[in-house]
Amino acid sequence: MEHQVIFFRDQRLTPEQQKAFGRRFGELHVHPASSNHPEGHPEVMVIHADEHSRWVAGEHWHSDVSCEEAPPMGSILYLQEVPPVGGDTLFASMYAAYETLSEPIRRLLEPLTAVHDGGHYYEGRYGRSEDYPRAEHPIVCAHPVTGRRLLFVNRTFTTRIPGLAPAESDAILEMLYRHIETPEFQCRFRWEAGSVAFWDNRCVQHQAIWDYHPHRRHGHRVTIQGGRPAR
């Protein structure tokens with residue numbers, strides 16, 4: 045797998061077509077918290093922001109639904125409406141994030157796991173629930189196809205490192221978050237109406253830039269079911 049994210053322009057996709065495209069790569073995933081989807085298409089998540097929005101989906105660095113035991117392997121986002129300026133998405137390589145760590149830090153991280161808690165993010169968006177997923181994953185994982193090592197923690201869902209004191213856990217996670225956000229690891233996509241982005245959720249994090257209020261940004265996302273992250 046040479047590319048971690050790919051882009052298409054000038055597409056016109058119905059929900060059925062977007063789902064059919066996603067199914068070429070695996071079973072489709074249904075979001076555990078959002079019920080905002082086109083009628084009859086629970087696998088299609090509506091991504092929308094306008095003048096009434098208090099926040100935008102994905103405004104902090106994350107990999108999609110990393111709080112599940114088996115997070116999605118990939119996501120396909122199709123935007124039908126875009127603002128006249130702004131609304132870009134940043135993508136960051138978790139291969140690059142891992143490979144640029146010093147050897148002592150790699151050795152420190154190798155045996156550690158981290159808790160990814162859906163409630164940490166979803167409660168502020170969708171309300172309180174006991175049903176939000178929560179999972180524990182290795183901090184350093186191997187990509188199941190390429191075998192390359194990568195970092196698997198993110199600001200949105202990762203809450204702590206079991207076995208460490210809270211201050212130790214917080215310090216290590218904050219160091220990793222800042223490292224992951226290094227601009228040299230990133231690409232930035234400027235959306236146009238009809239654009240599609242397809243990224244490997246196992247080795248890529250992304251962030252939606254919320255800089256276009258009060259304009260509209262509207263589209264659909266399909267995610268593809270993945271496996272449990274492993275060393």
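As numbered in the numbering used here, the sequence shown has no gaps in its residue numbers, which increase by one up to the final residue, 275.
Heads up, the beta-carbon is just placed ideally off N, CA and C, and yes, glycines get one too.
These numbers were taken from a predicted model, which means no experiment stands behind them.
Practice task
Name the two residues that bound the continuous alpha helix (DSSP H) containing I224.
Solution key: In the sequence shown, residue 224 corresponds to position 180, counting from 1. Going by DSSP, I224 is part of the alpha helix (DSSP H) stretching over 210 to 224.
Problem - Spatial neighbours of L220 in its chain, beta-carbon cut-off 7 Å, leaving aside the 5 residues before and after - result: Residue numbering aside, residue 220 sits at position 176 when the sequence shown is read from its first letter. Excluding sequence neighbours, L220 sits near L195, V197.
Problem - alpha helix (DSSP H) segments (min. 4 residues) lying fully within the stretch 104 to 182 - result: Complete alpha helix (DSSP H) runs here, min 4: 138 to 143, 147 to 153, 162 to 170.
Practice task
Measuring alpha carbon to alpha carbon, tell me which of M45, H92, S119 ends up nearest Q62.
Solution key: Position 18 of the sequence shown holds residue 62. S119 is the residue among M45, H92, S119 whose C-alpha sits nearest the C-alpha of Q62.
Practice task
State buried or exposed for S146, treating a residue as buried only when at least 16 other CB atoms are found within 10 Å of its CB.
Solution key: Counting from one through the sequence shown, the residue named residue 146 turns up at place 102. Classification of S146: exposed, given that the 10 Å Cβ count is below 16.
Handout entry: 9 Å Cβ cutoff met for G263 and L123
Key = One-based indexing of the sequence shown puts residue 263 at position 219. One-based indexing of the sequence shown puts residue 123 at position 79. Yes.
Problem - CB-CB length for S107 against Q48, believed under 8 Å - result: Residue numbering aside, residue 107 sits at position 63 when the sequence shown is read from its first letter. Residue numbering aside, residue 48 sits at position 4 when the sequence shown is read from its first letter. Wrong, their Cβ atoms sit about 12 Å apart, outside the cutoff.
Handout entry: Three-state secondary structure assigned by DSSP to R67
Key = Against the sequence shown, residue 67 aligns to sequence position 23. When DSSP states are grouped into helix, strand and coil, R67 belongs to the helix group.
Problem - Per-residue burial, I50 [other beta carbons within 10 Å of its own, 16 or more giving buried] - result: By 1-based counting over the sequence shown, the position of residue 50 is 6. I50 comes out exposed.
Exercise for the section: Could you tell me how far apart the beta carbons of G70 and I268 are, in whole angstroms, since I believe they sit closer than 8 Å? Expected result: As a position in the sequence shown, residue 70 is number 26, starting the count at 1. As a position in the sequence shown, residue 268 is number 224, starting the count at 1. Contact between G70 and I268 holds: CB atoms are separated by about 5 Å, below the 8 Å threshold.
Problem - For F229, three-class secondary structure by DSSP - result: Here residue 229 refers to the residue found at position 185 of the sequence shown. Here F229 carries a helix assignment [DSSP, helix/strand/coil].
Practice task
Spatial neighbours of R56 within its chain, please: CB distance less than 8 Å, with the 5 preceding and 5 following residues excluded, ordered by chain position.
Solution key: Indexing the sequence shown from 1 puts residue 56 at position 12. Setting aside the 5 residues that flank it on each side, R56 is surrounded in the same chain by G238, each with a C-beta closer than 8 Å to its C-beta; the list follows chain order.
Problem - Close-in-space but distant-in-sequence residues of the same chain around H75 (CB under 6 Å, 5 per side omitted) - result: Sequence index remark: in the sequence shown, residue 75 carries index 31 (1-based). Sequence-distant Cβ neighbours of H75 in its own chain, meaning closer than 6 Å and more than five residues away, are M89.
Handout entry: Cβ distance (whole Å) where H187 is taken to contact A158 below 8 Å
Key = Start at 1 with the first residue of the sequence shown, and residue 187 comes out as number 143. Start at 1 with the first residue of the sequence shown, and residue 158 comes out as number 114. Going by Cβ atoms, the distance from H187 to A158 rounds to 17 Å, so no, they are not a contact pair.
Problem - Residue environment, A215, which counts as buried when at least 16 other CB atoms sit within 10 Å - result: As a first step, residue 215 is located in the sequence shown; it is residue number 171 there, counting from the start. Classification for A215: exposed.
Exercise for the section: Can you give me the Cβ contacts of R199 inside the same chain, cut-off strictly under 6 Å, excluding the 5 residues immediately before and after it? Expected result: As a first step, residue 199 must be located in the sequence shown, where it is residue number 155. Around R199: H104, W105, Y221.
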